[in-house]
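Structure first, commentary second.
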Amino acid sequence: HEGVVQNIQGKGTFVMDKGNELMQRQLETRIRESLAEASRGAKAAGIPLDALDRMLEEEYRKK
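Mapping to the numbering used here: the sequence shown position 57 is 1180, numbers consecutive.
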């Protein structure tokens, strides 16, 4: 198989096909754009990087 390896919790590890790989890249691009916007906002608000990192981790870990 050729493609991106994806781990799905409770199901195993799978190789994503080319179509899914494209969707994954597009999603990653949108996430990077959102992170860039959040980073600019944090800088403008005087929020230090370590605080922004904690905020991101808190959001990521929410269920």
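Even for Gly, the Cβ is constructed at its ideal location relative to N, Cα and C.
Given the structure is predicted, the values throughout are model-derived calculations rather than measurements.
Annotation: residue 1139 to residue 1152 spans about 18 Å, alpha carbon to alpha carbon.
In terms of Cβ geometry, residue 1175 and residue 1162 form a close pair [threshold 8 Å]. Annotation: residue 1133 is outside any beta strand (DSSP E) and is labelled neither H nor E by DSSP.
Contact between residue 1136 and residue 1130 holds, with the beta-carbon distance rounding to 5 Å and staying under 8 Å.
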